[in-house]
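Here the sequence shown is numbered in our numbering, starting from 11 and rising by one per residue. Don't be surprised by glycine CBs; every beta carbon is placed ideally from N, CA and C. All values reported here derive from a predicted model rather than from experimental measurement. Shown next, in structure tokens, is the structure this report addresses.
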Amino acid sequence: MTTSDFQAFAQRVLEKHRARAADNPRWALDLLRRQDNPTCAFCCSPIDVSRRQSWGLSPLVPFNQGGPVEPSNLRMACKACAVERGARDLLAWEELAGRLPTEHLNALKEERLKVLKRSDNHLTSAGQYAKRLTVLALLQERWKHPRFLAYVERHGDGWFVGWPVGQRTLTTRNEAAALLRQVHQALWVEHGEVVGFDVSEDVFQTAVWQLIELHALVIDLRQDNTADGERFGQNSWKARYPTLRQVRQRRKGAHETPWPLAGDGQIRSYSDKAGSVRMREKRRASREAETKARWLEARHRLEHRDAAVEAGQVRPWLPGERAAVQADVDDLAHQWLSARQRLLERAEKLMQP
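Take a look at the structure:
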């Protein structure tokens, strides 16, 4: 490790962390601003929707922490609360408890847990066929901690682990720093804007999984993974999945893309072992079933909404709103057809002598 290596890593951490979050979708703005007597979700002060610069949307689970872009994850917030909170997890916003009634605060935390079930999560220690409740129990232990981001990058003889110094006061980050420094004997690297550690190769995978159990979302900053060798359970932290079913099934399942081989210039290829082939076929079939189920569910929701609008049970569609929802349904249908086509093509190849 050299000083220039860490300086380059710190610069990439800051660039990644400062990257502008995804814009709030227009349909979400239109949907929420039509509420009767809207109030700030975090201080209960009334909001004048006609003054667009005085309020905004604040996600329960921030987008850069794996939160989904959907109405259930968005709350109207006054400008003061939105600026004060920033991109912090609700549990890390200590001042919130002093401005909300206990019942309201508990309700927000319950909604946060519901959204986390549909957010990006790392894999758990449960196997491929673990029950859903088992996986959920493991994840709920993580969700007791504030969600935060940790960035990693490989260098010559180890790994850099770090996060921006601006939020180092959070208890969970302090625990993570103590874990790396005291337990794994990581070398602390001094920097003005990034808390950084140099972790040795032999303990890095263990350290990453312990960070994940503290509810960190670990992000690898490297674009090239050709030096990682074969994929195995320990380094599968690189993948994040948005549903409990995926978190459960893909722990030991086949993967969508081949894991890069060690060395430069080698052709990436799938294993031709019988067990690997069977697992890939099972994964393709599971993927086809998942995409079809999502498409059918979205189509059913659209048909149900059309029927409710026609019966006068809900408000009429806004201009362009139905077309946007129909486009989402069509995209899901295209994903299913693509997955089905790949499954059929593979089946035809296996049938050939």
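DSSP state of residue i, grouped into three classes?
i, result
"Gln316", "Note that residue 316 is Asp in the sequence shown, not Gln. The answer is helix: DSSP assigns Asp316 an H, G or I state."
"Glu203", "coil"
"Pro326", "coil"
"Ala196", "coil"
"Ser210", "strand"
"Ile57", "coil"
"Asn47", "coil"
"His155", "coil"
"Trp173", "strand"
"Arg164", "strand"
"Trp103", "coil"
"Thr12", "coil"
"Glu300", "helix"
"Lys359", "helix"
"Val79", "coil"
"Arg109", "coil"
"Gly285", "helix"
"Lys292", "helix"
"Ala334", "helix"
"Lys141", "coil"
"Arg311", "helix"
"Arg258", "helix"
"Ala117", "helix"
"Arg232", "coil"
"Arg98", "coil"
"Ala343", "helix"
"Ala20", "helix"
"Ala321", "coil"
"Ala136", "coil"
Applying the criterion that 16 or more other CB atoms from any shown protein chain within 10 Å of the CB defines a buried residue, is residue i buried or exposed?
i, result
"Asn131", "buried"
"Glu120", "exposed"
"Asp338", "exposed"
"Asn184", "exposed"
"Pro156", "buried"
"Pro78", "buried"
"Met86", "buried"
"His310", "exposed"
"Ala317", "exposed"
"Val324", "exposed"
"Arg364", "Because the chain spans 11 through 363 in this model, residue 364 falls outside it and cannot be assessed."
"Asp208", "buried"
"Cys54", "exposed"
"Val199", "buried"
"Thr12", "exposed"
DSSP has residue i in a bridge; who is on the other side?
i, result
"Met86", "Leu67"
"Phe52", "DSSP, once it has assigned bridges, lists no residue as partnering Phe52."
"Ala226", "Phe158"
"Asn131", "Tyr251"
If we ignore side chains and look at the alpha-carbon of each, how far apart do residue i and residue j end up?
i, j, result
"Ala217", "Leu24", "22 Å"
"Arg304", "Val193", "44 Å"
"His201", "Arg98", "22 Å"
"Asp282", "Ser246", "20 Å"
"Pro69", "Gly168", "36 Å"
"His314", "Gly206", "52 Å"
"Leu149", "Leu227", "13 Å"
"Pro111", "Trp219", "36 Å"
"Gly96", "Glu358", "52 Å"
"Val335", "Trp327", "10 Å"
"Gly322", "Arg22", "53 Å"
"Ser82", "Leu221", "28 Å"
"Lys248", "Ile229", "7 Å"
"Leu254", "Leu189", "28 Å"
"Cys91", "Asp212", "44 Å"
"Gln362", "Arg356", "10 Å"
"Gly76", "Pro329", "30 Å"
"Glu113", "Glu104", "16 Å"
"Leu347", "Asp340", "10 Å"
"Arg351", "Leu360", "One point to set straight first is that residue 351 is Gln, not Arg, in the sequence displayed. Their Cα atoms are separated by approximately 14 Å."
"Leu115", "Leu67", "18 Å"
Report the CB separation of residue i from residue j in whole angstroms; it is logged as a contact under 8 Å.
i, j, result
"Thr182", "Phe158", "6 Å"
"Val125", "Val71", "5 Å"
"Thr301", "Leu342", "7 Å"
"Ser64", "Lys89", "5 Å"
"Arg258", "Arg152", "Not confirmed; about 15 Å, so no contact."
"Lys292", "Tyr161", "Lys292 to Tyr161, Cβ: 34 Å. No contact."
"Ala333", "Glu298", "The pair is not a contact, with the Cβ atoms about 27 Å apart (cut-off 8 Å)."
"Val204", "Gly172", "5 Å"
"Phe19", "Glu163", "5 Å"
"Leu100", "Arg128", "Not quite, the Cβ-Cβ distance comes to about 16 Å (not below 8 Å), so this is no contact."
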